[in-house]
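Just so we're aligned: 112 in this note's numbering is position 111 of the sequence shown, and the numbers increase by one with no gaps anywhere.
For every residue, glycine included, the Cβ atom is placed at its ideal position computed from N, Cα and C.
A quick note: this is a predicted structure, and the numbers were derived from the prediction, not measured.
Read through the structure below, which is laid out as structure tokens, and then see the notes.
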Amino acid sequence: MGDITAICIVGFITLGIYKVFELLVRRKERLTFIEKFFDHCERKEISSSFQMPPISFNNQNYGAGAFKIALLLIGVGVGALLNVFTIFWAEAARLDMNYEIRGVISFAYIAIFGGLGLLISCLIEAKQSKKE
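Here you go:
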């Protein structure tokens, strides 16, 4: 196990150094490309083609992402709370649960109720899109 850990650490350090150098090289290439682009274009063409469209918040789907995240977090919270109740019940019933089983139960509750939260969000959004 110690050999694999050492290999992984060396691999991650090498990958990190490679990515830093790659980032610096790509940055220099992008700056060179931008300089060449500005040399060949006129200012009027550039300013007219890069204008942002006006932002409007009249879209009906505004806030759908926040709604999904909220229901996901509610589901995770319910799963964690149910996990605590299950562990308290197991201790009160004098059931012998080791830490591995507790970890599996914790992950299962959180994953199931988080998934249910996302499923409820998708169903509500589908129902709203059918109304429109």
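Contact annotation, G118 with L72: C-beta distance approximately 4 Å; criterion of less than 8 Å satisfied. Between Y110 and N84, the CB-CB gap stays under 8 Å. Under the three-state reduction of DSSP, R27 is assigned to helix. Leaving aside the five residues that flank E92 on each side, none in its chain has a CB nearer than 7 Å to its CB. Under the three-state reduction of DSSP, R95 is assigned to coil, being neither helix nor strand. Minimum Cα-Cα distance from L124 among the listed residues A112, K69, A81, T87 corresponds to K69.
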